[in-house]
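Since the structure comes first, as structure tokens, the remarks are kept for the end.
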Amino acid sequence: MVTATHSALVSELRCLEADLAQMAGLVEAQLSESITAFERRDMAAAENIIVVDARVDALYRAIDSRVMSILAGGPIPMTELREAMTVMKISGDLERVGDLAKNVAKRTLVISREKSTRLNAGVARMGRASLRQISDILNSYAARNLTAAKAVWNGDDELDELYNSVFRETLRTMMEDSTQVNACTHLVFIAKNFERVGDHATNIAEAVHFLLTGAIIDQERPKGDETSMTVVRPHIDMN
Numbered sequence: 205m206v207t208a209t210h211s212a213l214v215s216e217l218r219c220l221e222a223d224l225a226q227m228a229g230l231v232e233a234q235l236s237e238s239i240t241a242f243e244r245r246d247m248a249a250a251e252n253i254i255v256v257d258a259r260v261d262a263l264y265r266a267i268d269s270r271v272m273s274i275l276a277g278g279p280i281p282m283t284e285l286r287e288a289m290t291v292m293k294i295s296g297d298l299e300r301v302g303d304l305a306k307n308v309a310k311r312t313l314v315i316s317r318e319k320s321t322r323l324n325a326g327v328a329r330m331g332r333a334s335l336r337q338i339s340d341i342l343n344s345y346a347a348r349n350l351t352a353a354k355a356v357w358n359g360d361d362e363l364d365e366l367y368n369s370v371f372r373e374t375l376r377t378m379m380e381d382s383t384q385v386n387a388c389t390h391l392v393f394i395a396k397n398f399e400r401v402g403d404h405a406t407n408i409a410e411a412v413h414f415l416l417t418g419a420i421i422d423q424e425r426p427k428g429d430e431t432s433m434t435v436v437r438p439h440i441d442m443n
């Protein structure tokens, strides 16, 4: 028999999930629009993305407050506890993804005033890859699909490889053409923001794994970011 107290808890958890779904939709759109604004050098769109981030932050605070209220109500069953803690964990990662999208928009305002470079396409490709990671992991959470969550977790190194390639090419471009240094510097930061989005997708995958199994992933997280050791030597013309 379901008690009134348990029924109220279930109702609170459904409200919590509804708030998270709204937040997820906003963040996914924010990230998608930041990529489009970057590709199109759309400064008006970039400005709007920065403004929208306040709505994401408000939802994050509301979710955090609701979870704390649930926990303050006293001991709750383990299954429901995992659900509440998972929502709080995912909302934290989504809030950071929103911040990263906002950072991309801010740097787009600078990039849009600079001469376009061949590097833009590679950075945009990174953005699309990071968006797929976020979309896939949010879908896996909504469907409670552990296999899909593990696929996202295992796929993060692909985004790292893209970042390694963009990073090396950006350094090469700066060495070959000093007039591109300002634009390239901002491009590196934009690419890093997209790489970080992938890290947050991986965090969410781990949260989904814990929600569905009650255990943490006991493997080493895949990581392919090699930029800390990257050395690009200037081309020497022997002619």
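Start counting the sequence shown at 205; every next residue gets the next number (the working numbering). Note that beta-carbon positions come from the ideal geometry of N, C-alpha and C, so glycine has one too.
CB-CB length for residue 304 against residue 388, believed under 8 Å: Taking the first residue of the sequence shown as position 1, residue 304 is located at position 100. Taking the first residue of the sequence shown as position 1, residue 388 is located at position 184. Incorrect: roughly 19 Å between the Cβ atoms, too far for contact.
Cβ-based burial, residue 288 [other Cβ within 10 Å; buried from 16]: Counting from 1 along the sequence shown, the entry for residue 288 is found at position 84. Buried is the call here.
CA nearest to the CA of residue 336, picked from 232, 423, 226 and 218: Indexing the sequence shown from 1 puts residue 336 at position 132. Considering only alpha carbons, the answer is 232.
With 16 other Cβ atoms within 10 Å as the buried cut-off, status of residue 265: The residue labelled residue 265 in the question sits at position 61 within the sequence shown. Around the beta-carbon of residue 265, fewer than 16 other beta-carbon atoms lie within 10 Å, marking it exposed.
C-alpha gap between residue 354 and residue 346, whole angstroms: Taking the sequence shown and counting its residues from 1, the one referred to as residue 354 is at position 150. Taking the sequence shown and counting its residues from 1, the one referred to as residue 346 is at position 142. Cα to Cα, the separation comes out at about 14 Å.
Collapsed DSSP secondary structure at residue 319 in the structure displayed: In the sequence shown, counting from the first residue as 1, residue 319 sits at position 115. Three-state DSSP puts residue 319 in coil, outside helix and strand.
Alpha helix (DSSP H) segments (min. 4 residues) lying fully within the region 297-379: 323-347 and 350-358
Three-way DSSP call (helix, strand, coil) for residue 286 in this model: Here residue 286 refers to the residue found at position 82 of the sequence shown. The answer is helix: DSSP assigns residue 286 an H, G or I state.
Sufficient close CB pairs (3 or more, under 8 Å) joining the region 247-255 to the region 306-324: yes
First and last residue of the uninterrupted alpha helix (DSSP H) at residue 409: Counting from one through the sequence shown, the residue named residue 409 turns up at place 205. Looking at the DSSP string, the run of the alpha helix (DSSP H) that includes residue 409 is 385-417.
Residue closest to residue 272, alpha-carbon to alpha-carbon, out of 220, 225, 260 and 247: Translated into the one-based positions of the sequence shown, residue 272 becomes position 68. Looking at the Cα atoms, 220 is the closest of the given residues.
C-beta atoms of residue 292 and residue 263 nearer than 8 Å: Within the sequence shown, numbered from 1, the residue matching residue 292 stands at position 88. Within the sequence shown, numbered from 1, the residue matching residue 263 stands at position 59. In this structure, residue 263 does not lie closer than 8 Å to residue 292 by Cβ.
Spatially closest choice to residue 365 from 396, 344, 342 and 338, by CA coordinates: By 1-based counting over the sequence shown, the position of residue 365 is 161. Among 396, 344, 342 and 338, the Cα nearest to that of residue 365 belongs to 396.
Residue 440 (DSSP reduced to helix, strand or coil): The residue given as residue 440 occupies position 236 in the sequence shown. Because residue 440 sits at a pLDDT of 45, beneath the cut-off of 50, its placement in the model cannot be relied upon, and the point is left open.
Element boundaries [alpha helix (DSSP H), containing residue 257]: Translated into positions along the sequence shown, residue 257 becomes position 53. Going by DSSP, residue 257 is part of the alpha helix (DSSP H) stretching over 247-276.
Of the residues 218, 281 and 375, the one placed nearest residue 267, counting alpha carbons only: As a first step, residue 267 is located in the sequence shown; it is residue number 63 there, counting from the start. Selected option, being the one with the closest Cα: 218.
Same chain, Cβ closer than 8 Å to residue 369, five either side skipped, listed in chain order: For this step, residue 369 is matched to residue 165 along the sequence shown. Close CB contacts of residue 369 within its chain, under the 8 Å cut and outside five residues either way in sequence, are with 326 (chain order).
Local Cβ density within 10 Å of residue 210, reported as buried at 16 or more and exposed below that: If you number the sequence shown from 1, residue 210 lands on position 6. Exposed: under 16 other Cβ atoms inside 10 Å.
DSSP state of residue 216 mapped onto helix, strand, coil: Residue numbering aside, residue 216 sits at position 12 when the sequence shown is read from its first letter. Helix at residue 216.
Pairwise C-alpha distance: residue 334 and residue 399: As a first step, residue 399 must be located in the sequence shown, where it is residue number 195. As a first step, residue 334 must be located in the sequence shown, where it is residue number 130. Computed Cα separation, rounded: 7 Å.
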